[in-house]
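*Asks:* Protein chains in written order, with the numbering used here: chain D, 1 to 111; chain C, 1 to 238; chain F, 1 to 171; chain V, 1 to 517; chain P, 1 to 111; chain S, 1 to 87; chain Y, 1 to 488. What follows is a single structure, and I will ask about it in a moment.
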Amino acid sequence: MELPYVVVIILFYLGIYTIIMNKNLIKIVVGVNIVESSLILLLILISFKLGGTAPILDRKYELVVDPIPQALALTAIVIGGSLIAVMLALVIKIYKRYGTLNVDEIRKLRG
Amino acid sequence: MSRVHKIFRKFYKIGLVLFLAIFLLFIFDEIQNLDIKRYLSEHYISEGVQETGAINLVTSVLYDYRGFDTLGEATVILTAAATLSFMTPIKKVKMLGTEFTIIIYQTIIIIIPFLVVLGMNLIFFGHISPGGGFVGGVILAMIPILVTINYGITFSENKLKPNHKSLLEGIGAIGFILLGLLGIFAGSNFLASGQANFGLGNPGELISAGLIPYLNLMIGIKVGAGLAAIFNSLIKEG
Amino acid sequence: MKKKLLTFILTLALWLVFAGHINFSVFLLGTLVTIICSIISRMFAAEVFRLLLMNYEVKVSFVKIYYIFLVVGAFIYDAFLSAVRVSKHVFEINPSFSPKTVQIKTSLQNLPSIMILSNLIALTPGTLIMDFNILNKNYFIHWIDVRSEDEAALKKALIGKHEKWIAKIFE
Amino acid sequence: MITPGFLYLAGALFLFLAINNKIKYIISFLITTGALIITFYLTPGYSLEINFLNYTLIPFRVDDISKLTGLIFTLSGLAAVFYSINISSRSNLQLIFLFIGSSLTVVFTGDLFILYIFWELMEISSSFLIITVSDLTKKTGYYFFLMQAVGGLSLLWGVFLNHSATGSLSLNAIEAGIPFFMIAVGIKLAFIGLHTWMPQTYSKVPFYVTVVLSIYTTKVGVYVMYRLLSGINILAYAGLISALFGIVMALRQNQVRKLLSYSIITQVGYMIIGISIGSAAGITGAFFHLINHILYKTVLFMVAGVVIYTTGKENLEDLGILGSKLPITSLATLVAFMAISGVPFFNGYMSKTIIKEALQEPVLIWGLNLMSFGTSLMFLKFIYYAFFQNSNINLNRKPTISMQLGLGFLTIIMLLIGINPFLLENLTNIDVDINYFDIKLMLSGIQPFLWSVIVFILLKKYLVKEYRRFIYYDIYREMAKIFVKIGYKLSIYHNGKLSKYLLWATTTLIILLSLLI
Amino acid sequence: MINSISILREIIAYVFLITGTYFLISNAIGMIRFPDFYLRLHASSKCLIAGSISVLMGCIVLEGISYISLKLIIIIIFLLITNPVAIHAIAHFAYNYSIKPQKIVKNDIKQ
Amino acid sequence: MLYLILAIILSIIITFYRLIKGPSVPDRLAAMNSIGVMFLMILVLLSYYFERKIYINVALVYGVSIFMNVLIMVKYLQKPEKGGSSD
Amino acid sequence: MESAVWIILLPLLTAFFLGIFKLYSDKLFYSLVIVSMVIYLYLLILVINDSYPPKVYSIGNWGLLGINLMVDSFSAMFLLIIAILFITVIIFSLNYIKVNKHKFIILTYVMIAGIAGMVLTADLFNLYVFLEVSSMSSYALTAIKKTDKSIESSFKYLIMSTFGSFFILLATILTYYLTGTLNMAEISLEFKSVPFMIKSTIMFFFIFGYGIKIGLVPLHAWMPDSYEASPIPYNVLSSGLVMKSAIYALIRLLYVIFGVEFLTESGILNIGVFWGVLTFIIAHTLAYQQSNLNRLLGYSSIAQIGYITIGLFLGNEKGLIGGSFHILNHGIMKGTLFLVLGIFYYSLKADEIEDIQGLGYKFPVLSFTFVVAALAIVGLPPFNGFISKWLIIEAAIEAGFFYAAFFILVGTFLSLTYYLKVIIKLYTKTEKKTLIEKPDLSLKLPTFFLGSLCILFGIVPSLPLSLINNIPKFLLNNSEYIRILLGG
Ligand code: NA
Ligand code: NA
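See the structure below:
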């Protein structure tokens, strides 16, 4: 198995681990970011071809990497970024309202 | 008792994630032994330049083959900006953060024209070189962001009012759709460019690739304004 | 008018460099973009134009260009010199330092020149600006190896030279 | 052909137009009498088919039994509506119309789908009637609705089982799902163990609602039992046990309507036995008994209602008022008593006799005698309080004319049937080859009554006794408590901790993935 | 003749590149070895800037006169303007962060 | 060329140590800045290695982003309050 | 089939224009809202009418090279829900929403665009994008009240939902990797040669990801919170459209990409049915515990999703019809309940069970509507919920899932326990309460409209069923869908 894929899995693992293990809201957001990065890395990886060049064809090239995952990655980045922004805004709000970043202490809603 | 419970819980969590990782490892391993089919991308690579007129294939995927996705993600940014703007208070803004020295102020001022030109370049040359609306928009968004961290949010919002930002965002998004609609008016489908005979020109030239440069511009405006708005909203909390 | 023209030319040049090729459409678009650029720059950073204040004679501006080259040269020279020094320290077995914080008052009035000077100081061997007091125009400099008062004076003198050049350009 | 059920249902809608009492009277009169007349002129054998959801449904089908049941239903509907029209609010009257209409539709339906729908509509309308009628009946209504819902749902399950087994929704092809039909019918019939809703409901709700409910609820159960479960002999014994249970319970009651409720259980026992033996005679007997029972039980509930209406109280002791102060009511009470006790020349005698004649097995015959004996016994208690116990309670107000009319109307019909038992047969073209006025039959009919009089006189002090403490164990309430407790536990686990929720999610994922391995 | 010029050019270019790389490596090692934050920052500023300029100049020499060289020059100017400022910003931040410069004499490093 | 790139990658890896270890936030920032610039160099060198000069445009944008990163972080990272953790 | 793309574009354009108009003129804002709503209704009807046989619209005229939209009966059914709920909610919100009204309306339009996109697209990644569009606006709408609770619930929703999105995206990427295409038809064809294990893994990722958004039971915990804290008109859309669009997408993926044979083979149908049963039993049990009506209705929504899941996972014709019909019906019924509750909240700030005591006498017609919808959602005849439950149960029995069918009846009983509690509270007299604000016609009319649909679709189910009956043709037999999508 190729190393980059292992890196993807490790990143994915780390992100999920951060999300479910941490009590700190900011760290959870960081975890989300890590998972997203791992997925984007995966997208880049699947577009990769050994010896391929970037899909900007100013002349003829022998081997060009797959442009679709790159476009998808861009989309995923933008979506992920927007999500993170909203998340952070909510974290700020929560911190102001609840005075804590501990995820288990923000619970007025239950039952 | 509770400590044992806690330890158990921790190991349980670790076990879960470990299982997931190992599972993924096996799946990825198995996937790599399979034949990969890339008919679609091979088509894009061999015909994409002729079909869309853009030599940057990522751009041609983003704005032509899969332009609809781009509309969707533009909407996501707009939604995020709108969300953040209603979550932050309009009044009573206190600026957080450490004060900069005059040295930093001056540098920021100097690089603003540089950023404008760079951003515009990325946007307008998005179809013939690396770049495009998103990157260009991000670079452009750095200008108000720099001004904000430099002179404070009040000054920044005085120069470029939040309303103007949302106006710009709206113009970008509406422009994108209207450009897409041109395809329909030209007798083809939504977001058609080459298919609707909007001159694709000679690939590699500035004026080529049909609608793509204009779509790039719209996205650039939208992303720029949206990011600036998002940044300001995020730091607004005092 | 002159300064607007200069800005225009500079930004257009930048555009053309970024564009990577010149033809009519690129140029036309560049003109357009440059206008937008100047609008945006004026909007956010009116001061940028003071940097390019050009109400001197042509002769004077040639002198300025000379000093600009001088300063840039000093920049690069200092950078290399200090890099060599630091890298020497890096590979020493027992690197020796005697850091100290020093205050230097500058006579420069113009903000851009203060900035340029600070950049120069940053690249001067062994110096690092930690703070700048705008009221009495004092740089707080972290100095890596000041062993004696003489050395300090020498280095201050070096900075003073840079200061003079910069003053030639802007003031 | 307009079905009487739909006429009532339409009536429920028309009542929205009733802006004043006059219109209310007119609409009610038109609907109730119209339904009666229509039912009277129905021709057995008629059936109507519609297509719904790829099924062919028979919303309206007439045969002898349904016509007979429809007749008594419309007749007592007329009486019940007029009995309650002044007391009931408009919305409650609408619910009553809906209830009666659904019952009638159930009676005339030819398929399980429509049967279920209107069975549920009955349940809904009666429950809402109970819930909205008074502030004191909320919990009762809740209990009632849930209980009935269980019945309705088991009916539905039975329908599904049968449908999947036979592929048909016809009432004539019942093969599977019998146990669930039994539960459904059992609840409607207040079969022992499933009866808990009945005494508390009938005793708590306002008296006119009791009257309405008592006419239809159990009787529809009987009718549906005939349609779905007739001829299952073993059920006869179940009916017997249930009836005996009803007697024991009834004898222990101090409250008029509770006593009457338990007596319903007993009376329904007759019908269960009749239907279970499955012979034509048994079924005829059961349905004649249904008619008779509706008549006298309605009268008795109306009597109880009059007592409540006039005195505001409803203990057995308060019945003393009947003796002198309410002559018409007293007369009706006596007639109903004679009827329910199976005394010859009263209508109850006739149907009990048919059932008894249809029986083959001695156990059942003796059981039937025992039931008659017990019934007489419990109503002797009733009569004792009504006529032999002096009471110093005064009338708060006079019974309304409409109440008296409804009461009198039914009493007269009861008397008519009692004197001329062939009336029912002629009405419905059902032939029962029995000479009711045969001395032997009359003797055997009156025997349990006489025995009961003797026993009552002997054991008066045990029977006429106030049972204060009453051991009451309701398994359904216990089950509900467990349900609530489980829910509370589950609710505690939802403690708002995001990390916990994320953990659940991850665990789910892992479980899903481990299913793959 | 042309050949020797191009060889010379390549030699000059590689000298620049190797010098640059050397500076970058010494930057990295300095980042690790130096005991005090401000000292590390010294390494990080001087070596980094000199290294990067050197690498870029090497590339310029390699490229010759072209648009690419102009772009590289712009990168150089940009780095020259921004990087010392970035370093200054970090130093200023550290100063505000109340990290005090240590007085270090020779002996301290030995241990 | 490849060796130069590898050497720079090596120095990036070395600097990563500082980024991860800290000990203070400014340390990490400085390391980040260093890594950014080194990476920029790699981008430029790669464009020669692969002979795709368009990568230089990427380097340009990347240079801007390094500067922005440092400035924004410096602006908004603050000394942790008492009781909080340092990162 | 031009109008198909307009289904997505019109709300988007409206939202963008509203975003601009909001800055300048209120009058312009509201007139645009109304005009666009009317046009949208017309468009929806146009597309729904023309949905059989299915139509394909190729964005950019790229054919299989680009993104395609496809309208078949399943999507048309969903568009019908959009038509019913969106119009009512917008009219309702015009007077109901007080805080951030402009933003609410704009975000609602965006959300509708996202959902319409999810419903129409036949492209895997495009589906993800529109899923995010609709989710994003959902987070915003959940937080729009800006109370502590709404911020908290929005954050929980955001994190949980993003957690699910990871796996959807991962599955999408893997699918692209394995098939080299994103067109659902082509994926389905290419998938035939993908090994069983990998295919099932991808499927499970999809199921898990969408499962969080759907709210299947252990994944549901964020959902009641979001109901409690968000504005009531949004709850209508949330239960009627957001949850449903997720299950719609999942079903579309499962049946079209994987095909029913694979679903049977992999045993996911059994799992789905079991999961549905688990979901509604637990959700009903929890609903009984709630004192907040929004929460109660939220749990009830989760439970109803359980029924829908059963129907759609049965893998037979009747199940798909029943499940789809229940999607429609639940939207209507829950919409009615929420809107009535909304009026109560509007006029009395009542959203706890205790608060609504006696309102049956204060608002007789509204309360009647509530009762009708409650009985419908319990699944009692003669209302629409009964018909769809009937269909689901029948399908379950046909597919041999007797236990599921039986438990649906148990669930019906459980749901009765708490709805009846609420109804009884409604009709329990109490001391006089003073109205804070009198509800006007713009609040009542949409409510009554939805309420009457509960009865109408119960008595004349053939109206929607004529549309829904075509659904299995393209789901159960995905080759038909594929053939049309491939343009054959
Ligand atoms: Na009865
Ligand atoms: Na009854």
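Cβ coordinates follow ideal geometry from the N, Cα and C atoms, glycine included. Quantities reported herein were computed from a predicted structural model and do not represent experimental measurements.
What does Thr-121 (chain Y) pair with, by DSSP beta-bridge criteria?
*Replies:* For Thr-121 (chain Y), which the question treats as bridged, DSSP gives the partners Y:Leu-69.
*Asks:* Could you work out which residue in Y:Ile-232, Y:His-326, Y:Pro-446 is closest to Ala-350 (chain Y) when comparing CA atoms only?
*Replies:* Looking at the Cα atoms, Y:Ile-232 is the closest of the given residues.
*Asks:* Straight-line CA distance for Leu-52 (chain F) to Leu-6 (chain F)?
*Replies:* The predicted position of Leu-52 (chain F) is uncertain, since its pLDDT is 48 and thus under 50; no value can be drawn from it.
*Asks:* Per DSSP, what kind of secondary structure is Pro-112 (chain F) in: helix, strand or coil?
*Replies:* Reduced to three states, the DSSP call for Pro-112 (chain F) is helix.
*Asks:* Would the beta-carbon of Val-151 (chain Y) fall within 7 Å of that of Leu-109 (chain D)?
*Replies:* The amino acid occupying residue 151 (chain Y) in the given sequence is Ile; Val does not appear at that position. For Ile-151 (chain Y) and Leu-109 (chain D), no; Cβs fall outside 7 Å.
*Asks:* Check whether the Cβ atoms of Gly-285 (chain V) and Gln-389 (chain V) lie closer than 7 Å to each other.
*Replies:* The answer is no: Cβ separation not under 7 Å.
*Asks:* Helix, strand or coil: how does DSSP classify Met-54 (chain F) here?
*Replies:* In this prediction, Met-54 (chain F) scores a pLDDT of 46, lower than 50, which makes its location untrustworthy; the coordinate-derived value is nonetheless stated afterwards. Correct three-state label for Met-54 (chain F): coil.
*Asks:* Considering Cα atoms alone, identify which of D:Pro-55, D:Ile-92, D:Glu-36, D:Ile-9 is closest to His-127 (chain C).
*Replies:* Comparing Cα-Cα distances from His-127 (chain C) to each of D:Pro-55, D:Ile-92, D:Glu-36, D:Ile-9, the minimum goes to D:Pro-55.
*Asks:* Please identify the residue among V:Leu-331, V:Leu-364, V:Pro-327 whose C-alpha is closest to the C-alpha of Leu-240 (chain V).
*Replies:* That would be V:Leu-364, whose Cα lies nearest to the Cα of Leu-240 (chain V).
*Asks:* What are the residues in the segment 63-82 of chain D lying within 8 Å of chain Y by C-beta distance?
*Replies:* Listed in sequence order: Ile-68, Pro-69, Leu-72, Thr-75, Ala-76, Ile-79, Ser-82.
*Asks:* Compare the C-beta of Val-55 (chain P) with all C-beta atoms of chain C and state if any pair is closer than 7 Å.
*Replies:* Not closer than 7 Å to any Cβ of chain C, the Cβ of Val-55 (chain P) fails to qualify, so no.
*Asks:* Looking only at its chain, what residues have a beta carbon closer than 6 Å to the beta carbon of Val-102 (chain F), apart from the 5 residues adjacent to it on each side?
*Replies:* Around Val-102 (chain F): Ile-141, Trp-143.
*Asks:* Rounded to whole angstroms, what's the CA-CA distance from Tyr-462 (chain V) to Tyr-385 (chain V)? Just pull it up for me.
*Replies:* Approximately 14 Å between the Cα atoms of the pair.
*Asks:* Beta carbons nearer than 9 Å to chain C: which residues of the segment 164-175 of chain Y have them?
*Replies:* Under the 9 Å Cβ criterion, the segment 164-175 of chain Y contributes Leu-170, Leu-174.
*Asks:* When you compare the CB positions of Phe-287 (chain V) and Ile-65 (chain V), do they come within less than 7 Å of one another, or not?
*Replies:* The answer is yes: Cβ separation under 7 Å.
*Asks:* Give me the chain S residues within the contact set of Ile-19 (chain D), using Cβ-Cβ distance strictly less than 8 Å, ordered along the chain.
*Replies:* Per Cβ cutoff of 8 Å: no residues; Ile-19 (chain D) is ~17 Å from chain S at best.
*Asks:* What residues in the segment 23-39 of chain P have a beta carbon less than 9 Å from any beta carbon of chain S?
*Replies:* Of all residues in the segment 23-39 of chain P, Leu-24, Ile-25, Ser-26, Asn-27, Ala-28, Ile-29, Met-31, Ile-32, Phe-37 have a Cβ within less than 9 Å of some Cβ in chain S.
*Asks:* In terms of DSSP beta bridges, what is Phe-132 (chain F) paired with?
*Replies:* In the DSSP output, where bridge partners are listed per residue, Phe-132 (chain F) has F:Tyr-139.
*Asks:* According to DSSP, Lys-105 (chain F) sits in a beta bridge with which residue or residues?
*Replies:* Its beta-bridge partners are F:Asn-138.
*Asks:* With 16 other CB atoms within 10 Å as the buried threshold, where does Asn-392 (chain V) fall?
*Replies:* Under this definition Asn-392 (chain V) is an exposed residue.
*Asks:* Under 7 Å between the Cβ atoms of Phe-73 (chain V) and Ser-214 (chain V)?
*Replies:* No; because the gap between Cβ atoms is not below 7 Å, this pair is not in contact.
*Asks:* Checking contacts by CB at 7 Å: is Lys-213 (chain Y) closer than that to chain V?
*Replies:* So no, Lys-213 (chain Y) is outside the interface.
*Asks:* Quick one: give me the first and last residue of the beta strand (DSSP E) that Phe-60 (chain V) is part of.
*Replies:* Unbroken beta strand (DSSP E) run through Phe-60 (chain V): 55-61.
*Asks:* Given that a residue counts as buried once 16 or more other Cβ atoms are within 10 Å of its Cβ, and exposed if not, what is Ala-358 (chain V)?
*Replies:* Ala-358 (chain V) comes out buried.
*Asks:* If you check the beta carbons only, do Asn-57 (chain S) and Pro-213 (chain C) fall under 7 Å apart?
*Replies:* For Asn-57 (chain S) and Pro-213 (chain C), no; Cβs fall outside 7 Å.
*Asks:* Can you give me the start and stop residues for the alpha helix (DSSP H) that Lys-460 (chain V) sits inside?
*Replies:* From DSSP, the alpha helix (DSSP H) with Lys-460 (chain V) extends over 460-463.
*Asks:* Can you tell me which of the three DSSP states Glu-425 (chain V) falls into?
*Replies:* Reduced to three states, the DSSP call for Glu-425 (chain V) is helix.
*Asks:* Could you tell me if Asp-87 (chain S) is buried or exposed, where buried requires 16 or more neighbouring beta carbons within 10 angstroms of its beta carbon?
*Replies:* Low confidence applies here, because Asp-87 (chain S) scores a pLDDT of 39, under 50, leaving its location unreliable; read the following figure in that light. That one is exposed.
*Asks:* Indicate the three-state DSSP secondary structure (helix, strand or coil) for Ile-85 (chain V) in the structure shown.
*Replies:* If DSSP states are grouped into helix, strand and coil, Ile-85 (chain V) belongs with coil.
*Asks:* What number of angstroms, rounded off, separates the C-alpha of Thr-107 (chain C) from the C-alpha of Leu-65 (chain Y)?
*Replies:* So the two alpha carbons sit approximately 47 Å from each other.
*Asks:* Ignoring anything shorter than 4 residues, give me the alpha helix (DSSP H) runs that lie fully in the segment 319-396 of chain Y, in order along the chain.
*Replies:* Listed in chain order, they are 359-362, 364-378.
*Asks:* Under 8 Å by Cβ, that's how I've got Leu-410 (chain V) and Thr-298 (chain V) pegged, so tell me the actual separation to the nearest angstrom.
*Replies:* Sure, about 6 Å apart at Cβ, within 8 Å.
*Asks:* Does the Cβ of Ala-280 (chain V) have 16 or more other Cβ atoms within 10 Å, making it buried, or fewer, making it exposed?
*Replies:* Classification for Ala-280 (chain V): exposed.
*Asks:* Could you list which residues in chain C have their beta carbon closer than 8 Å to that of Asp-104 (chain D), in chain order?
*Replies:* Going along chain C, no residue has its Cβ under 8 Å from Asp-104 (chain D), so there is no contact; the nearest lies around 12 Å.
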